[in-house]
DNA sequence: CCCTGATTCGC
DNA sequence: GCGAATCAGG
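In the UniProt record's numbering, the protein residues as written are 1 to 190.
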């Protein structure tokens, strides 16, 4: 595929609309998002500003750009960092269906009680749990929802296992109940 | 992990 | 001019 006027036209239009390069590439077909981005740059509309009157306040100093033309195309030595690798997923466990065990008598910080979760979130969770993949511990991967379901003390226990939301340890629905925005908490009138 | 755009450089 | 490979951020 080549960049015909028509295709460039579509490119311009979509880019102008703020579409992502990958979407544009998909629409055009026969090109990758890299191609799209490359073309965008060559067309000089890398900045989504149409005016173009703006002089980029970019500093000339581009030390990094010149720093690595072709270091070593090889596998590159991944720095082996003695990273303790504290799994973020671990500390965020929701502890469902279990009385919380509070160590000592400090006033507890505000905790999202399971009963204050928005109905929508709850609903979608139930939805999700119906279609959950019911993974066991071994089957969990970096990108499976690690939300526990059921009682760990019985067979009736598994993990959600749906695709996680980028970054988070849970799928979208469970992220919703795990990380409450802290806004939905209404002070009950007194 | 997924995604995004940015940049370089052999073709 | 083109775009894969790579980089850098989210």
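Backbone N, C-alpha and C define an ideal beta-carbon position, used for all residues, glycine too.
Drop a sphere of 10 angstroms on the beta-carbon of residue i, count the other beta-carbons inside from all chains shown, and report buried for 16 or more, exposed for fewer.
{"i": "residue 162", "result": "buried"}
{"i": "residue 43", "result": "exposed"}
{"i": "residue 137", "result": "exposed"}
{"i": "residue 21", "result": "buried"}
Just the C-alpha distance for residue i and residue j, rounded to the nearest angstrom, thanks.
{"i": "residue 17", "j": "residue 147", "result": "37 Å"}
{"i": "residue 6", "j": "residue 143", "result": "40 Å"}
{"i": "residue 154", "j": "residue 135", "result": "15 Å"}
{"i": "residue 8", "j": "residue 126", "result": "46 Å"}
{"i": "residue 15", "j": "residue 168", "result": "29 Å"}
{"i": "residue 13", "j": "residue 141", "result": "40 Å"}
{"i": "residue 19", "j": "residue 130", "result": "34 Å"}
Could you tell me whether the Cβ atoms of residue i and residue j are closer together than 8 Å?
{"i": "residue 128", "j": "residue 178", "result": "no"}
{"i": "residue 171", "j": "residue 159", "result": "no"}
{"i": "residue 36", "j": "residue 1", "result": "no"}
{"i": "residue 132", "j": "residue 149", "result": "yes"}
Is residue i helix, strand or coil by DSSP?
{"i": "residue 147", "result": "coil"}
{"i": "residue 122", "result": "helix"}
{"i": "residue 70", "result": "Caution is warranted here: a pLDDT of 39 is assigned to residue 70, below 50, making its placement in the model unreliable, and no coordinate value can be reported."}
{"i": "residue 158", "result": "strand"}
{"i": "residue 45", "result": "coil"}
{"i": "residue 28", "result": "helix"}
{"i": "residue 140", "result": "coil"}
Apart from the five residues just before and just after residue i, which ones in its own chain have a Cβ nearer than 7 Å to its Cβ?
{"i": "residue 3", "result": "39"}
{"i": "residue 46", "result": "40"}
{"i": "residue 33", "result": "21, 22 and 25"}
Please work out which residues of its chain come closer than 8 Å, Cβ to Cβ, to residue i, disregarding the five sequence neighbours upstream and downstream, and give them in chain order.
{"i": "residue 10", "result": "24, 27 and 28"}
{"i": "residue 165", "result": "171, 172 and 175"}
Whose C-beta lies closer than 6 Å to the C-beta of residue i among residues of the same chain, with five residues either side of it excluded?
{"i": "residue 106", "result": "Residue placement at residue 106 is flagged as unreliable, the pLDDT there being 40, under the threshold of 50; the coordinate-derived value follows with that caveat. Around residue 106: no qualifying Cβ."}
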